[in-house]
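Participant: Structure incoming, see below.
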Ligand SMILES: [Zn+2]
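Numbering (the working numbering), first residue to last: 2 to 255.
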């Protein structure tokens, strides 16, 4: 889907759950934001890039976090000469996991899908699903706001901890477009199970900061395109979650 002259979003890349990605075409080359969950998803993204910007090199891959649905396609673009940029915590996580991350995902998905009875016992769907995935590490890391200027385009990388400590959002000031990664969920509740109260409070601060930006379109990590009203919904959800937690703590103390 084309959001501006040179900015594209790929929504709901089909997996059992849909995940979003996008890319920006500049005079110097293409910048990709997130890479899908599988080798085939990455090839789908690549197909759109080759159609929208034939012959352009892929310069940068920006990973908005370390979860597999955002990063498992990265090897496809890395093999074509792209450099990967991510938060320092994303690199640390991937370094500590190494190749085990892919194996773990294969095993845990097989277990989950068998429990959900979506496939026969013993069928290694995880391996089929994640075949050809190779873990690749970021070439460059950030832990504060940085602006990347590439081929006349400005991309602002903003650390937005909350869903994970290493989340980043990508803002295009010239286009008023925000690629939020899993900092913003559109159409359903944010996934909070990877954090705790401290991180959820940081998430609220991250969303408050994003609210200050001039934004016309948000590409969330999951769900349809949205605008700032979705930020309010995410904020409300997190505030309620924190309130429920503190009520629980009070009850426990009594
Ligand atoms: Zn995630």
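Cβ coordinates follow ideal geometry from the N, Cα and C atoms, glycine included.
Cutting at 7 Å between CB atoms, please list the residues of its own chain near residue 207, excluding the five before and the five after it.
Facilitator: The residue labelled residue 207 in the question sits at position 206 within the chain shown. Same-chain partners within the cutoff: 161, 162, 163, 184.
Participant: Just the C-alpha distance for residue 202 and residue 37, rounded to the nearest angstrom, thanks.
Facilitator: The residue you call residue 202 lines up with position 201 of the chain shown. The residue you call residue 37 lines up with position 36 of the chain shown. Answer to the nearest angstrom: the Cα atoms are 28 Å apart.
Participant: Jot down the residue ranges of each uninterrupted alpha helix (DSSP H) in the segment 175 to 253, minimum 4 residues, whole runs only, in chain order.
Facilitator: 198 to 212, all fully within the segment 175 to 253.
Participant: Taking DSSP as the reference, what is the three-state secondary structure of residue 70?
Facilitator: As a first step, residue 70 is located in the chain shown; it is residue number 69 there, counting from the start. Helix at residue 70.
Participant: Excluding sequence positions up to five away, which residues of its chain have a Cβ less than 8 Å from the Cβ of residue 139?
Facilitator: Against the chain shown, residue 139 aligns to sequence position 138. Hits under 8 Å: 64, 85, 86, 87, 91, 92, 95.
Participant: Can you tell me whether residue 159 is buried or exposed, with buried defined as 16 or more other CB within 10 angstroms of its CB?
Facilitator: In the chain shown, counting from the first residue as 1, residue 159 sits at position 158. That one is buried.
Participant: Run through DSSP, which three-state label would residue 101 get?
Facilitator: Position 100 of the chain shown, counting from 1, holds the residue named residue 101. The answer is helix: DSSP assigns residue 101 an H, G or I state.
Participant: Pop quiz: residue 30 and residue 58 are said to be a contact at Cβ under 8 Å. What is the actual Cβ separation, rounded to whole angstroms?
Facilitator: Position 29 of the chain shown holds residue 30. Position 57 of the chain shown holds residue 58. Going by Cβ atoms, the distance from residue 30 to residue 58 rounds to 4 Å, so yes, they are a contact pair.
Participant: If you follow the alpha helix (DSSP H) that residue 128 is in, where does it begin and where does it stop?
Facilitator: By one-based count along the chain shown, residue 128 stands at place 127. Residues 126 to 130.
Participant: What do you reckon, is the C-beta of residue 13 under 7 Å from a heavy atom of ligand 1?
Facilitator: Locating residue 13 in the chain shown gives position 12, counting from the first residue. No; taking the cut-off as 7 Å, the Cβ of residue 13 has no heavy atom of ligand 1 nearer than that.
Participant: Does residue 150 come out as helix, strand or coil in the three-state DSSP assignment?
Facilitator: Here residue 150 is taken as the residue at index 149 of the chain shown, counted from 1. Reduced to three states, the DSSP call for residue 150 is strand.
Participant: Measuring alpha carbon to alpha carbon, tell me which of 142, 174, 165, 145 ends up nearest residue 156.
Facilitator: Locating residue 156 in the chain shown gives position 155, counting from the first residue. Minimum Cα distance to residue 156 is reached at 174.
Participant: Just how far apart, CA to CA, sit residue 103 and residue 136?
Facilitator: Position 102 of the chain shown, counted from the first residue, corresponds to residue 103. Position 135 of the chain shown, counted from the first residue, corresponds to residue 136. So the alpha carbons of these two residues sit roughly 7 Å apart.
Participant: Need the endpoints of the alpha helix (DSSP H) that residue 52 sits in, please.
Facilitator: Reading the chain shown from its first residue, position 51 is the one you call residue 52. Element bounds for residue 52: 40 to 53.
Participant: Thinking just about the alpha-carbon of each residue, which of 67, 171, 230, 165 is nearest to the one in residue 197?
Facilitator: What you label residue 197 is simply residue 196 of the chain shown in a count that begins at 1. Among 67, 171, 230, 165, the Cα nearest to that of residue 197 is on 165.
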